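Before any comments, here is the structure.
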Amino acid sequence: MTALSLQQRLAKSIDIALGTAFEAGQLGQLTQLSARPSIVVEKPKVPEHGDYATPVAMSLAKPCRLAPLTIAEAIASHLTGDEIAVEVAKPGFINLRLGHRFVAAELQRILELKGDYGRTVPEQPERILLEFVSANPTGPLHLGHGRWAAIGSSLERILQFAGYTVDSEFYINDAGNQMQLLGLSLKQRYLQALGEAVELPDGSYKGSYLKELAEQLAAAQGDSLRDEPVAWFSAYAEGRLLEQQKITLQQFRTGFDRWYSERSLHQAGAIEAALADLEARGMLYRATCSRQEQSGEITGRSKKVQTPHAFDEEDGGGEALFFKAADFGDEMDRVVKRADGNSTYLAADIAYHWDKYQRGYGRLINIWGADHHGYVPRMKAVAQALGHPADSLEILIGQMVRLFKTNPATGQKEEMRMSKRRGELVSIDDLIEEVGVDAGRWFLLSQSLNTTVNFDLDLAQSEKFDNPVFYVQYNYARCCSILRKAPERGMPIPARFEFLKPDGSAWLETPQERALALRLLAAPDEYRFAAIDRAPQRLTQFAYELASDVSQFYEHCPILPPLAEDLQPALRYARLGLVVATRQVLATTLTLLGIEPRESM
């Protein structure tokens, strides 16, 4: 396993050279080495400037009181060796070009490590709890849930591959009025299925899934359930719908280490325990209104920021229990228990996150929808009030998905609307049926979390190269095809591939060969930054670029007879080894995204 990525190893070499230059008195008035910045290594925008570059010399100009170019030359003078060529460029860049031996050795590492190539060890190992989807068990999972499922499950794999300890969790919102309403909706549908003329309650769940469930009940049980309480129907609907959600997520290649029931928080007394912890820390107080209302700080502001349900006028306006959220940057204090003794939704969320910390997780990552944006400051306040750093709780806010499909009648792209309670639901199951799991995951993963996804169903169904996931899988299958055909064409797969000639020069010298090899070597850093930045979409872009390199390589660099009949066998085998390495990196990348590496298309 590789503990350091390529960029980390280059940064370490530059840091050592920097230290040597300092010890040799070549860094002007720099008085202490601890003043040097962290080393940034990146790919130049212009390939002619090298494979990698660092601007570290420019950041040292002020403390050294030297021209960046002079500093760069001093550092570069200690970056010696025939594996990496070093040059200095204005105004002070140190450009690095990987030598043939270096590239060949890295390709061998890919072949040796196989599926472990690209694994790294984080600078600060952490135990992470990743929570995502966390839907109400009141119906099928819609397209937005599908996006959280794709991102969350991919991020879990990516973080684990980058060396973090990660557990995943689905928070079942099975407490609250929505469960009562679900049961009432199902009972009314059941009575309708028995032939009774009953109306659905206002705000009820009207999706066809609930009607079908009621008809199944009526067919199996007749009218024997007519007198069962609403609570029975709530429990029955929850069990059936939650089980269907689990099946759907499993089909969408999304699993969880734990399914955590909100109701269990209430039953275990976790809400009272968490509030007691906050009270012991001096973070709660009782009053008829918040401190901000008392001081007039929020006078005249919109009702949106007023304290909700702080007290009940019918019971004399008693005191509510407030959390001092404003002490940690929230716009105002928040009610956690009303005057009537009932706890708020915030109280349950406090207890849930309190429980997460109690289980020993040092970092909590939640993936939430855009409608939760205003909730972030108060949950950050909760983390701090419980004695944890604000950044120990990461809340990733994602935008929703807009689904487009060509109307055959008009030939125009039209958006498909969805609404759970009106029954016009575009579900994950619908998506899987329309485009399959691979295309569904790719398009939901291909843009950053804070960007709305405009999902083109027609493109996702296409089996042409304009469909990016088809293009990537096709080029993976192309690698597999070459390796299947090689023995048939007189090129059995050897135990070891050689990428250097006997004199130490490279067999792989064409621009297409080098571009493909360098892309493979960048994989560990792509995985690492995807983990650090919480950005699975980085890997869809990397996979697409790698597939493009494969396509160019395939077009310009023949491998198998008869096209490559006139080439030296050693060159053909070096190219074949490059295909093996490419297949491995593509397989790893697609697997991290939860997309199947298909061996044939």
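Everything in the sequence shown is counted per the UniProt record's numbering, starting at 1 for the first residue and increasing by one.
Note that CB positions come from ideal geometry on N, CA and C, so glycine has one too.
What you are looking at is a predicted structure, and each value in this text was computed from that prediction instead of being measured.
Sub-7 angstroms separation of residue i and residue j beta-carbons
| i | j | result |
| --- | --- | --- |
| Gln-245 | Leu-79 | no |
| Glu-331 | Arg-258 | no |
| Glu-126 | Arg-359 | no |
| Ile-559 | Arg-575 | yes |
| Leu-278 | Ala-385 | yes |
| Val-401 | Leu-143 | yes |
| Ala-214 | Arg-189 | yes |
| Leu-539 | Ala-547 | no |
| Phe-553 | Leu-516 | yes |
| Ala-477 | Arg-598 | yes |
| Lys-187 | Phe-233 | yes |
| Leu-111 | Ala-581 | yes |
| Asp-333 | Arg-291 | yes |
| Leu-155 | Pro-569 | no |
| Tyr-527 | Val-472 | no |
| Ile-367 | Gly-152 | yes |
| Ala-76 | Ile-94 | yes |
| Leu-321 | Arg-281 | no |
| Ala-231 | Leu-182 | no |
| Asn-475 | Ser-600 | no |
| Asp-438 | Glu-228 | no |
| Met-416 | Leu-431 | no |
| Ala-150 | Arg-378 | no |
| Leu-393 | Ala-383 | yes |
| Phe-499 | Trp-507 | yes |
| Gln-29 | Arg-65 | yes |
Cross-strand partners of residue i (DSSP beta bridge)
| i | result |
| --- | --- |
| Tyr-285 | Phe-322 |
| Asp-167 | Leu-129 |
| residue 616 | Absent from the model: residue 616. The displayed extent of the chain is 1 to 601, so no value can be given. |
| Arg-97 | Ala-85 |
| Arg-402 | Asn-454 |
| Leu-396 | Ile-367 |
| His-142 | Ser-427 |
| Glu-156 | Partner(s): none; Glu-156 has no beta bridge. |
| Met-416 | Leu-403 |
| Ile-172 | Ser-261 |
| Glu-42 | Ala-53 |
Nearest neighbour of residue i, chosen from the options [CA to CA]
| i | options | result |
| --- | --- | --- |
| Asn-407 | Ile-432, Gly-387, Asp-456 | Asp-456 |
| Asn-450 | Arg-226, Thr-248, Gly-255, Asp-371 | Asp-371 |
| residue 604 | Ala-347, Gln-29, Leu-578 | This structure leaves residue 604 out entirely; the chain is present only between 1 and 601. |
| Gly-139 | Ala-150, Leu-66, Ile-428 | Ile-428 |
| Asp-51 | Gly-99, Asp-82, Lys-12, Glu-23 | Gly-99 |
| Asp-349 | Val-335, Ile-16, Gln-473 | Val-335 |
| Lys-501 | Gln-160, Pro-494, Glu-509 | Glu-509 |
| Ala-351 | Gln-473, Phe-323, Arg-157 | Phe-323 |
| Tyr-375 | Leu-396, Arg-65, Gly-195, Gln-29 | Leu-396 |
| Asn-173 | Gly-146, His-49, Glu-199, Asn-136 | Asn-136 |
| Tyr-345 | Tyr-209, Glu-297, Gly-176 | Gly-176 |
| Val-103 | Met-491, Asp-82, Ile-94, Val-426 | Asp-82 |
| Cys-480 | Gln-537, Ala-383, Gly-411, Ala-587 | Ala-587 |
| Val-121 | Lys-45, Ser-264, Leu-4 | Leu-4 |
| Ser-343 | His-388, Ala-274, Gly-296 | Ala-274 |
| residue 603 | Lys-405, Val-437, Trp-507 | Examination of residue 603 is not possible in this model, given that the chain is present from 1 through 601 alone. |
| Gln-8 | Ile-151, Val-40, Gly-19, Val-230 | Val-40 |
| Glu-106 | Ile-84, Asn-95, Ile-94 | Ile-84 |
| His-266 | Gly-296, Gly-387, Leu-483, Asp-355 | Asp-355 |
| Gln-447 | Ala-61, Val-435, Glu-394, Leu-593 | Leu-593 |
| Leu-194 | Ser-224, Cys-64, Ala-381 | Ser-224 |
| Glu-414 | Arg-519, Asn-454, Arg-378, Gly-387 | Asn-454 |
| Ser-204 | Ala-220, Gln-192, Ala-219, Gln-178 | Gln-178 |
| Gly-222 | Ile-247, Gly-504, Leu-191, Arg-101 | Leu-191 |
Any C-beta of chain B under 7 angstroms from that of residue i
| i | result |
| --- | --- |
| Asp-51 | Chain labels in this structure do not include chain B; a single protein chain is all it has. |
*Considering only residues of the segment 323-377, which uninterrupted alpha helix (DSSP H) runs meet the minimum length of 4 residues and lie entirely inside it, listed in chain order?*
345-358
_Between the segment 156-171 and the segment 130-139, can you find at least three pairs of beta-carbon atoms closer than 8 angstroms?_
They touch, by the three-pair rule.
*Which whole runs of the beta strand (DSSP E) in the segment 473-553 are 3 residues long or more, in chain order?*
none
*Mind pulling the alpha helix (DSSP H) runs of 4 or more residues that sit fully within the segment 251-279?*
262-267
*asked:* Check whether the segment 517-533 and the segment 105-117 touch, using three or more Cβ-Cβ pairs below 8 angstroms as the test.
replied: yes
_Counting beta carbon pairs with one atom in the segment 52-67 and one in the segment 84-93, are three or more of them shorter than 8 angstroms?_
yes
*Write down every uninterrupted run of the alpha helix (DSSP H) in the segment 45-79 whose length is 4 residues or greater and which is fully enclosed by it, in chain order.*
56-59, 61-64, 68-76
*asked:* Within 8 angstroms, do at least three Cβ pairs link the segment 456-467 to the segment 59-72?
replied: no
*asked:* Would the segment 560-570 count as touching the segment 489-498 if we require 3 or more Cβ pairs under 8 angstroms?
replied: Flag = yes, the segment 560-570 and the segment 489-498 touch.
_Any 3 or more C-beta pairs closer than 8 angstroms across the segment 259-266 and the segment 199-213_ = no
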